[in-house]
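Per my numbering, numbering through the sequence shown is continuous, rising by one, with the last residue being 518. Ideal placement from N, C-alpha and C gives every residue a C-beta, glycine not left out. These figures come from a predicted structure and were not determined experimentally. Below is one structure, written out as structure tokens; comments come after it.
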Amino acid sequence: MIVARKILGDLGRLRGRVRVALLVIYLVIPWLTWNGRPFVLLDIAHRKFYFPGAVFWPQEFYYLLLVVMSLGLSLFLFTSLFGRMWCGWACPQTVYTELFDTVARIVSPRFGKASQKNWEKIVVVTAWVLLSAFLTFHFISYFVGARTMLSELASAGPQLLSESVWPYFWIAITGLFYFDLGIFRHNFCVYLCPYARFQSVMLDRDSLVIAYDSHRGDPKRTRKIKPGDPAEKEFGDCTGCLKCVQVCPTGIDIRNGLQVACINCAHCVDACREEMASYEKETLVGYSSLRFFEERKEHRFVRPRTLIYGTALTAVVAVFGILLGNRLPLNLSVIRDRTVLPFVLNNQAQNVYEVDVANMREVSDALELEAELLEGQELVAGSIEARLGENPISVQANELRPVRVIVQAPVAENVVGRHNLRIRFKLRSESDPDLYVERESLFTIDAPEATPQS
65 MIVARKILGD LGRLRGRVRV ALLVIYLVIP WLTWNGRPFV LLDIAHRKFY FPGAVFWPQE
125 FYYLLLVVMS LGLSLFLFTS LFGRMWCGWA CPQTVYTELF DTVARIVSPR FGKASQKNWE
185 KIVVVTAWVL LSAFLTFHFI SYFVGARTML SELASAGPQL LSESVWPYFW IAITGLFYFD
245 LGIFRHNFCV YLCPYARFQS VMLDRDSLVI AYDSHRGDPK RTRKIKPGDP AEKEFGDCTG
305 CLKCVQVCPT GIDIRNGLQV ACINCAHCVD ACREEMASYE KETLVGYSSL RFFEERKEHR
365 FVRPRTLIYG TALTAVVAVF GILLGNRLPL NLSVIRDRTV LPFVLNNQAQ NVYEVDVANM
425 REVSDALELE AELLEGQELV AGSIEARLGE NPISVQANEL RPVRVIVQAP VAENVVGRHN
485 LRIRFKLRSE SDPDLYVERE SLFTIDAPEA TPQS
């Protein structure tokens with residue numbers, strides 16, 4: 065387990081503010097409400113994702129696909145422009161691991177040092193377990209609801225383990241959080257995170273990275289040289305203090321060049337600034353591009369790679385916006401009832417359908433269901449009739465109601481044999497007549513031939 069030396073510079077303070085803001089967002093969102101429900105809720109049990117002003121249903125999976133594509137393209141664009149700043153500034157692995165370190169240093173000032181006592185280690189482990197449980201509670205809140213979990217904890221008591229599943233997830237994920245953030249730590253970034261491998265493809269010589277200025281720094285000093293010492297001319301500006309290595313959470317030496325394990329956390333930048341300030345010189349480690357450090361040329365933000373990523377991202381976001389803008393808040397699913405075969409009795413053809421009616425709005429509504437034949441009018445002797453228990457159908461906000469619909473049509477004379485006709489179902493809102501959705505299915509007339517009389 066690597067415990068980096070504590071360093072607090074200008075970039076460290078700025079990262080601390082960003083970390084606090086991200087943690088506040090993470091911890092506050094589960095407690096917010098919108099129209100009487102959680103502000104954000106990924107309700108996997110009922111297959112609904114709740115967001116402010118919208119509820120996404122299982123049949124709208126393509127929205128999730130577009131979101132994933134947008135996040136992927138954003139990752140490509142951001143990395144090509146700014147390198148792995150996401151890893152060092154906003155990645156949950158980094159944010160939570162540094163939160164663990166902060167808590168450990170509060171409860172045990174000698175955290176990470178050889179002088180740390182065993183009882184202090186026990187205190188640190190206890191604090192980390194409690195912090196893991198706290199973070200896990202809020203993580204599960206995005207799937208269950210913080211207020212729901214809190215009310216069940218307050219009312220259910222010991223029998224909660226037999227009545228709900230989420231307490232088991234709470235225990236399991238708490239252990240996972242503790243292992244990942246307290247023991248495995250930044251080894252995840254080095255060995256498991258796929259993003260570290262992607263960067264070799266997405267980075268180029270103009271991407272913003274943390275790099276060491278070898279032109280000024282090399283050859284590195286092997287001993288401490290005071291300002292004005294004649295030997296100073298034999299070496300570069302690097303003092304060989306190794307502070308940049310001591311503060312690195314992944315344990316790399318940034319002076320060896322760009323490495324997969326570098327997460328752009330800027331600890332080494334603050335450490336080098338602090339060291340070089342004592343010599344009244346500029347830092348040797350900083351944010352810039354490889355083109356600047358090696359060729360002394362300014363990096364370019366606009367280049368073919370960023371234009372391709374930006375154009376693709378804009379296109380995906382535009383498609384998402386268009387689909388969302390034209391999204392109908394009603395949904396209708398029509399399936400033939402496989403347990404009841406179509407039949408003709410007393411010149412009446414009858415088909416049975418299983419219909420799912422969904423009101424995806426935030427208000428209740430009455431929805432009227434209609435049916436009409438699209439072809440084969442010569443086979444029927446009148447209009448068809450859709451019979452169901454309730455029409456219009458009262459549907460609550462964000463509710464899905466299954467309805468059994470019987471469709472009958474009078475069969476014209478001399479019609480025999482099996483005929484499959486296209487039928488259209490229309491679901492219309494009574495509160496807004498212009499709001500409707502249509503679905504097509506098949507209506508079967510299976511008229512038996514007349515039995516010859518003996």
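Review point. Under the three-state reduction of DSSP, which class applies to S518: helix, strand or coil?
Key: Numbered from its first residue, the sequence shown carries residue 518 at position 454. Any reading at S518 must be qualified, since the residue scores a pLDDT of 46, below 50, and its modelled position is unreliable; the value itself is stated next. In the structure shown, S518 sits in coil (DSSP, three-state: anything other than H, G, I, E or B).
Exercise for review: With Q310 as the anchor, note down where its alpha helix (DSSP H) starts and where it stops.
Suggested key: Taking the first residue of the sequence shown as 1, we reach residue 310 at position 246. Under the DSSP assignment, Q310 falls in the alpha helix (DSSP H) whose first and last residues are 307–310.
Check your understanding: When the Cα atoms are used, what is the spatial distance from K181 to V188?
Key -> In the sequence shown, residue 181 corresponds to position 117, counting from 1. In the sequence shown, residue 188 corresponds to position 124, counting from 1. Straight through space, the alpha carbons of V188 and K181 are spaced by roughly 11 Å.
Check your understanding: Is N455 near the ligand FAD, in the sense that its beta carbon is under 6 Å from a heavy atom of that ligand?
Key -> In the structure on display, the ligand FAD does not appear, and there are no ligands present to speak of.
Practice item. Assign G147 to buried or exposed, taking buried as 16 or more other Cβ atoms, counted over all protein chains shown, within 10 Å of its Cβ. Key: On the sequence shown, position 83 is the one that residue 147 refers to. Buried is the label assigned to G147, since at least 16 other Cβ atoms lie within 10 Å of its Cβ.
**Study point:** Between the CA atoms of A335 and I71 - distance to the nearest angstrom
**Key:** Along the sequence shown, one-based indexing puts residue 71 at 7. Along the sequence shown, one-based indexing puts residue 335 at 271. Between I71 and A335, the C-alpha separation is close to 7 Å.
Review point. Skipping 5 residues on each side, what residues in its chain have a beta carbon closer than 8 Å to that of G321?
Key: For this step, residue 321 is matched to residue 257 along the sequence shown. The answer, listed in chain order, is A275, Y276.
Practice item. Determine the direct distance from the alpha carbon of D107 to that of A178, and round the result to whole angstroms. Key: Locating residue 178 in the sequence shown gives position 114, counting from the first residue. Locating residue 107 in the sequence shown gives position 43, counting from the first residue. Near 47 Å, if we compare the C-alpha coordinates of D107 and A178.
Point to revise | DSSP beta-bridge partners of S352 | key: Sequence index remark: in the sequence shown, residue 352 carries index 288 (1-based). Under DSSP, S352 takes part in a beta bridge, and its partners are V273.
Point to revise | Three CB pairs or more closer than 8 Å across the stretch 472–492 and the stretch 429–439 | key: Yes, the stretch 472–492 is in contact with the stretch 429–439.
Review point. By a C-beta neighbour count over all protein chains shown, 10 Å radius and 16 as the cutoff for buried, is G389 buried or exposed?
Key: Translated into the one-based positions of the sequence shown, residue 389 becomes position 325. By the 10 Å Cβ count, G389 comes out exposed.
**Study point:** V427 vs A476 beta-carbon contact at 7 Å
**Key:** For the purposes of this step, residue 427 is taken as residue 363 along the sequence shown, with counting starting at 1. For the purposes of this step, residue 476 is taken as residue 412 along the sequence shown, with counting starting at 1. No, Cβ-Cβ distance for V427 and A476 is not below 7 Å.
Check your understanding: Thinking just about the alpha-carbon of each residue, which of L348, L86, L135, D165 is nearest to the one in A154?
Key -> In the sequence shown, residue 154 corresponds to position 90, counting from 1. Minimum Cα distance to A154 is reached at L86.
Point to revise | Bridge partners - E184, DSSP secondary structure assignment | key: Within the sequence shown, the letter at position 120 stands for residue 184. BP columns for E184 are empty, so no partner.
Review point. What do you get for S144, buried or exposed, if any count of 16 or more other CB atoms within 10 angstroms of its CB means buried?
Key: Taking the first residue of the sequence shown as 1, we reach residue 144 at position 80. With 16 or more Cβ atoms within 10 Å of its Cβ, S144 is classed as buried.
Review point. Would you report the Cα separation of S518 and V404, rounded to the nearest angstrom?
Key: By one-based count along the sequence shown, residue 518 stands at place 454. By one-based count along the sequence shown, residue 404 stands at place 340. Because the pLDDT at S518 is just 46, under 50, the model does not fix this residue reliably, and the value given afterwards should be weighed accordingly. Rounded to whole angstroms, S518 and V404 show a C-alpha spacing of 32 Å.
Review point. To the nearest whole angstrom, what separates the beta carbons of K284 and C302, a pair I think is in contact under 8 Å?
Key: Working through the sequence shown from its first residue, we reach residue 284 at position 220. Working through the sequence shown from its first residue, we reach residue 302 at position 238. Indeed, because the Cβ distance is near 4 Å, the residues count as touching under 8 Å.
Point to revise | Of the listed residues L267, L105, V479, nearest to T115 (C-alpha basis) | key: As a working note, residue 115 is residue 51 in the sequence shown. Per the sequence presented here, residue 115 reads as Phe, with Thr not at that position. Closest by alpha carbon: L105.
Check your understanding: Looking at the structure shown, is D401 part of a helix, part of a strand, or coil, going by DSSP?
Key -> Residue numbering aside, residue 401 sits at position 337 when the sequence shown is read from its first letter. The answer is coil: DSSP assigns D401 none of H, G, I, E or B.
Point to revise | Three-state class that DSSP yields for L464 in the structure shown | key: By one-based count along the sequence shown, residue 464 stands at place 400. In the structure shown, L464 sits in a strand (DSSP, three-state: E or B).
Check your understanding: Do you know offhand how far N328's Cα is from A379's?
Key -> The residue you call residue 328 lines up with position 264 of the sequence shown. The residue you call residue 379 lines up with position 315 of the sequence shown. Going by the C-alpha atoms only, they are around 30 Å apart.
Practice item. Within the stretch 96–148, note down every full alpha helix (DSSP H) run reaching 4 residues or more, in order along the chain. Key: Entirely contained in the stretch 96–148, the alpha helix (DSSP H) runs reaching 4 residues are, in chain order, 125–146.
Review point. Just curious, the beta strand (DSSP E) that H483 is in, first and last residue?
Key: The count along the sequence shown starts at 1 and reaches residue 483 at position 419. 481–493 is the extent of the beta strand (DSSP E) around H483.
Point to revise | Length of the line joining the Cα atoms of D282 and A260 | key: Counted from its first residue, the sequence shown places residue 282 at position 218. Counted from its first residue, the sequence shown places residue 260 at position 196. The C-alpha of A260 is placed about 28 Å away from the C-alpha of D282.
Check your understanding: When DSSP labels each residue in this structure, what does D334 get in the three-state scheme?
Key -> To locate residue 334, count along the sequence shown from 1; it is residue 270. D334 falls in the helix class under three-state DSSP.
Point to revise | Host beta strand (DSSP E) of L409 (start-end) | key: To locate residue 409, count along the sequence shown from 1; it is residue 345. Run containing L409: 407–409, per the beta strand (DSSP E) assignment.
Practice item. Assign W183 to buried or exposed, taking buried as 16 or more other Cβ atoms, counted over all protein chains shown, within 10 Å of its Cβ. Key: On the sequence shown, residue 183 is found 119 positions in, with the first residue counted as 1. So W183 ends up on the exposed side.
**Study point:** Sheet register partners of Y500 (DSSP bridge)
**Key:** By one-based count along the sequence shown, residue 500 stands at place 436. Per DSSP, the beta-bridge partners of Y500 are R492.
Review point. Cβ atoms of P466 and E494: under 7 Å apart, would you say?
Key: Locating residue 494 in the sequence shown gives position 430, counting from the first residue. Locating residue 466 in the sequence shown gives position 402, counting from the first residue. For E494 and P466, no; Cβs fall outside 7 Å.
Review point. Do the stretch 201–221 and the stretch 95–105 touch if we need at least three Cβ pairs shorter than 8 Å?
Key: These segments touch.
Practice item. Since I believe P474 is in contact with A445 (beta carbons under 8 Å), could you give me their beta-carbon distance rounded to a whole number of angstroms? Key: In the sequence shown, counting from the first residue as 1, residue 445 sits at position 381. In the sequence shown, counting from the first residue as 1, residue 474 sits at position 410. Your pair A445 and P474 checks out as a contact, with CB atoms roughly 4 Å apart and the cut at 8 Å.
Review point. Nearest to V459 by CA position, among R425, I448, E442, Q441, is which residue?
Key: Walking along the sequence shown from the start, residue 459 turns up at place 395. Ranked by how close their Cα comes to the Cα of V459, the residues R425, I448, E442, Q441 have R425 in first place.
Review point. Which one or two residues does DSSP pair with A473 in a beta bridge?
Key: By one-based count along the sequence shown, residue 473 stands at place 409. In the DSSP assignment, the residues bridged to A473 are A413.
Review point. So, are the CB atoms of T370 and L245 less than 7 Å apart?
Key: One-based indexing of the sequence shown puts residue 370 at position 306. One-based indexing of the sequence shown puts residue 245 at position 181. For the 7 Å CB-CB criterion, T370 and L245 do not form a contact.
Review point. Taking the DSSP output, what are the residues bridged to E522?
Key: With the chain represented from 65 up to 518, any question about residue 522 goes unanswered, as that position is not in the structure.
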